[in-house]
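Quick note on this note's numbering: the sequence shown kicks off at -16 and runs consecutively.
Don't be surprised by glycine CBs; every beta carbon is placed ideally from N, CA and C.
On a predicted model such as this, the values are computed, not experimentally measured, just so you know.
The structure appears below as structure tokens.
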Amino acid sequence: TYNTELADLSDKRYLNFYLKMLTPVSPDFDMEVYVKDRYGNDPAGVRLKANGYVTSYTGEYQLVSVPLTQLFGNHAEIDKAQMTRIGWLSNQLNGKVDFKVDDIYASGSLVHDVKIRYSNPGCNVKGIITVDSVLDATGPLSYYINGAVNPSGIRNNKFGNLSAGKHVIRVTGPNGFVYMEEVTLKDVELVINTTITPGNAGAIVKGGSGSYTYLWSNGATTPTLTNVAEGSYTLKVTDRANGCKTTVTVNIPAIPVVIETTKAGCTANGSIRIVSIPGGLSTVQYYINNVANPAGVTKNEFTGLLPGTYAIKIAASGGYRYKTSVTVGGSPSAPVVTSVAANGNITVNVTGGSGKFTYLWNNGATTRSLTNVAPGTYTVTVRDTAGGCETMHTKTLTASPSKTLSANTLSVYPNPVKNSSTINLHYQFTDGVKRQITLRDLYGKILYSAYITEATGDLSIALPELRGGMYVIRNEGKDPAALKILVQE
């Protein structure tokens, strides 16, 4: 409830107040207002939403005007000249509802219907109150504000250039007519909302007329700043319609330096590119290893680079300097492959590249070198795992010099031999050292192996399932030698 001094409402038409809900309410929520005189007489209240005095209850102030005839009802005992209390009741039974009521006043004459409209001031100046009509009044009317004659003329029904606050309007006329009403003007301020990103700032203005001028501390006259240097900037916004001004200061972070690289692939084709630099720089120059960019000192990309680490410097007018180290990945060159072939082995040596390689031979081997393979031509592909560079290298392995194999020292029979049959090997050496006897295919794959320690003897070899073709029996130990056999399908 709201208690006030004795108020004479006997010649008024409306009870007015501003209502604002502080607690969200349900759609079926309603509130009623009532009055009470000094003797405690209080007629039934009037529901605001049900009777159309508000359309909804919101979190923003809204003006509510209720006819006093509705509030007084048909209660003759009400002393309209000595009213003391205004109250509000909620129909919500559960929980608490918070609301705020402001600027309570009575308006309207029972004798003359006076209509007043107003526009709120912007930046606390240029508010307007206009007495639109005084129905049924005759003769010239005089207009006063806050106890003084209207500065625009006593007969002028428009009061201009008003600041925010309460203003008492008085209208007088013939036959003792007097009408007074209190009008509250609320200031409409300019509000600047800003968005900040590195090197940029934007401003959105609310309030006022909607037409503004902009002036930044760096001289810019647009709502946004783009690609500016790090620092503090102040924006002054002016409302073109009423001259209202407001300012805001923002701190803009620097645009970071962003650098991208591409790997070098088997040659000098790596690159370093400066993608972004702080805003506001002028006469920007780029250096690599303390030398101006060979493509042009103002070019932001360095090309034709081998793998390695480079010193990058960015310079600009005004003393700006930025230095950093940037590494270009990749392989500096294709691997260089050399080899030695002897005694059934191919030994490979690799130089250049990153030092990390994979190997793939045409016989399926994945080792760097081949050992104990049959004579023939072999090709290896060496791949640098860092840069992806590849080199193919081919080497021919010839048969190792061996003693003449005669029927007296080493012999095999039958030869040719049918597939999946048995061959007999007779050997005769000058000493009885340990020797390894193997059966290999032409790719060097061992199909059979046995050790002998006697100087003279025989071996019976059961052939596995073999394809028709040439195979090699070898003495892998002392006095190395090879003997071919033909397998027939």
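- Sequence-distant partners of P181 (beyond 5 residues in either direction) whose C-beta falls short of 7 Å from its own C-beta, in its chain, are P236, A237, I238, P239.
- DSSP places L(-2) inside the beta strand (DSSP E), whose first and last residues are -5 to 4.
- Between V416 and L449, the C-beta spacing is not below 8 Å.
- Unbroken beta strand (DSSP E) runs of no fewer than 3 residues, entirely contained in the stretch 13 to 80, are found at 14 to 20, 45 to 50, 66 to 73, following chain order.
- Cβ contact annotation for V280 (same chain, cutoff 8 Å, sequence separation greater than five): Q268, Y269, Y270, in chain order.
- The stretch 158 to 177 and the stretch 186 to 194 touch, with no fewer than 3 CB-CB distances between them shorter than 8 Å.
- In the three-state scheme derived from DSSP, where H, G and I count as helix and E and B as strand, N144 is classed as strand.
- Annotation: the stretch 302 to 385 contains no complete segment of the alpha helix (DSSP H) (minimum length 4 residues).
- Apart from the 5 residues on each side of it in sequence, S308 sits with its Cβ closer than 8 Å to the Cβ of T292, Y293, A294, I295 in its chain, given in chain order.
- Of Q419, G78, N355, E459, the smallest CA-CA separation from G427 is found for N355.
- In this model, T244 and G253 are separated by some 7 Å (Cα to Cα).
- Judged by DSSP secondary structure, F412 falls outside any beta strand (DSSP E); it is assigned neither H nor E.
- If you ignore the 5 residues before and after L393, its C-beta comes within less than 8 Å of the C-beta of L408, H409, Y410, Q411, N458, A464, L466, all in its own chain and listed in chain order.
- In the three-state reduction of the DSSP assignment, N234 falls in the strand class.
- In the DSSP assignment, no residue is bridged to D86.
- Just measuring C-alpha positions, the residue of S265, T286, T310 sitting nearest G302 is S265.
- The Cβ atoms of T232 and Y195 lie no closer than 8 Å to each other.
- Per DSSP, the beta-bridge partners of D441 are H409.
- Closest option to R366, judged by alpha-carbon separation, among F0, G335, N77: G335.
- Looking only at L446, L198, G359, the smallest Cα-Cα distance to T421 is reached by L446.
- Rounded to whole angstroms, the gap between the alpha carbons of T67 and D20 is 5 Å.
- Within the DSSP bridge table, the entry for D222 names Y195 as partners.
- Around the C-beta of V274, fewer than 16 other C-beta atoms lie within 10 Å, and the residue is accordingly described as exposed.
- The C-beta distance from V320 to H376 rounds to 4 Å, short enough to fall under 8 Å.
- In this structure, the straight-line span from the alpha carbon of V400 to that of Y434 is close to 23 Å.
- By the C-beta criterion, the stretch 343 to 353 is judged not to be in contact with the stretch 281 to 288, since fewer than 3 inter-stretch pairs fall below 8 Å.
- The three-state reading of DSSP puts N158 in helix, counting H, G and I together.
- Taking a C-beta distance under 8 Å as the contact criterion, P26 and Y36 do not qualify as a contact pair.
- A distance below 6 Å between beta-carbons, with the five flanking residues on each side excluded, links N332 to the following residues of its chain, in chain order: T321.
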